[in-house]
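K.L.:
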Amino acid sequence: MLRRDIFRAGLAGAAGLFGLRRASAATGEERLKVAYHLSDADKVNFVLGNIKNHYEGAGGDVEIVLVVHGPALAAFKAKSASGATSSRFAGLVQQGLVPQACGNTMRGMDIALADLLAGFQVADKGGVVKLAELQHQGYVYLRP
Numbered sequence: 012m013l014r015r016d017i018f019r020a021g022l023a024g025a026a027g028l029f030g031l032r033r034a035s036a037a038t039g040e041e042r043l044k045v046a047y048h049l050s051d052a053d054k055v056n057f058v059l060g061n062i063k064n065h066y067e068g069a070g071g072d073v074e075i076v077l078v079v080h081g082p083a084l085a086a087f088k089a090k091s092a093s094g095a096t097s098s099r100f101a102g103l104v105q106q107g108l109v110p111q112a113c114g115n116t117m118r119g120m121d122i123a124l125a126d127l128l129a130g131f132q133v134a135d136k137g138g139v140v141k142l143a144e145l146q147h148q149g150y151v152y153l154r155p
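According to my numbering, the sequence shown is numbered sequentially starting from 12.
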């Protein structure tokens, strides 16, 4: 009889802890953090669409960082970006998107921060280093 009571008390305690954890997530204490990785120029609009859908699906309650390096970075040059890319990107930045441009790619392609669409920050150590740092900070890694 005593074993059963101890077992039940343990189950009740575990259920209580699980309930508290779910409640804290519902109140926003454990906000989801996501790092999107973009290096393929042909996936720029696809990834921006995924991020838009992510914000909508999460009701805006998500922190998203977009790390761009390699050929994809050229699509975000202010003077040559398509109108669709520029407007979609600006809307995402307004929603809270934190875009990071790889410092190595910027140097290799001779791109200054001022050449990019508004909102970009520089990942000085490089895009892949930034992605690893974000993952270490608890960000979920996505590479569509």
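By construction, the Cβ of each residue, glycine as well, lies at the ideal position given by its N, Cα and C atoms.
These figures come from a predicted structure and were not determined experimentally.
#1: Curious, which full-length beta strand (DSSP E) runs of at least 3 residues does the segment 84-137 contain?
#2: Quick one: give me the first and last residue of the alpha helix (DSSP H) that Ala-67 is part of.
#3: Between the C-alpha atoms of Gly-114 and Asp-121, what's the straight-line distance to the nearest angstrom?
#4: Starting from Tyr-47 and walking both ways along the beta strand (DSSP E), at which residues does that stretch end?
#5: For Gln-111, is the classification buried or exposed, using 16 other Cβ atoms within 10 angstroms of its Cβ as the cut-off for buried?
#6: Assuming contact is defined by CB atoms lying nearer than 8 angstroms, are Leu-49 and Val-79 in contact in what I supplied?
#7: Going by alpha carbons, who is nearest to Gly-81 out of Asp-135, Val-109, Thr-116 and Ala-125?
#8: Using CA coordinates, which residue listed in Gly-68, Asp-51, Asp-135 and Val-45 is at the minimum distance from Leu-77?
#9: Contact criterion: CB-CB distance below 8 angstroms. Does Ser-93 meet it with respect to chain C?
#10: Rounded to whole angstroms, what is the Cα-Cα separation between Val-151 and Leu-124?
#11: Under the rule that 16 or more other beta-carbon atoms within 10 Å means buried, what is His-65, buried or exposed?
#12: Exposed or buried, which one is Lys-141 when buried takes at least 16 other CB atoms within 10 Å?
#13: For the beta strand (DSSP E) that contains Tyr-152, what are its first and last residues?
#14: Name the DSSP beta bridge partners of Glu-74, please?
P.N.:
According to the data block:
#1: Counting whole runs of 3 or more residues, the segment 84-137 contains the beta strand (DSSP E) stretches 109-113 and 132-134.
#2: The question names Ala, yet the displayed sequence has Glu at residue 67. Here the alpha helix (DSSP H) through Glu-67 covers 55-68.
#3: If I take the Cα positions, the gap works out to 10 angstroms.
#4: First-last of the beta strand (DSSP E) with Tyr-47: 43-49.
#5: With a 10 Å radius around the Cβ and a threshold of 16 neighbouring Cβ atoms, Gln-111 comes out buried.
#6: Yes, they are a contact pair.
#7: Ranking the options by Cα distance to Gly-81, first place goes to Thr-116.
#8: Selected option, being the one with the closest Cα: Val-45.
#9: You won't find chain C in this structure, because it holds only one protein chain.
#10: The straight-line gap separating the alpha-carbon atoms of Val-151 and Leu-124 is approximately 26 angstroms.
#11: By the 16-neighbour rule on beta-carbons within 10 angstroms, His-65 is buried.
#12: Under the 10 Å beta carbon count, Lys-141 is surrounded by 16 or more other beta carbons and is classified as buried.
#13: From DSSP, the beta strand (DSSP E) with Tyr-152 extends over 151-153.
#14: Looking at the DSSP assignment, Glu-74 forms a beta bridge with Lys-44.
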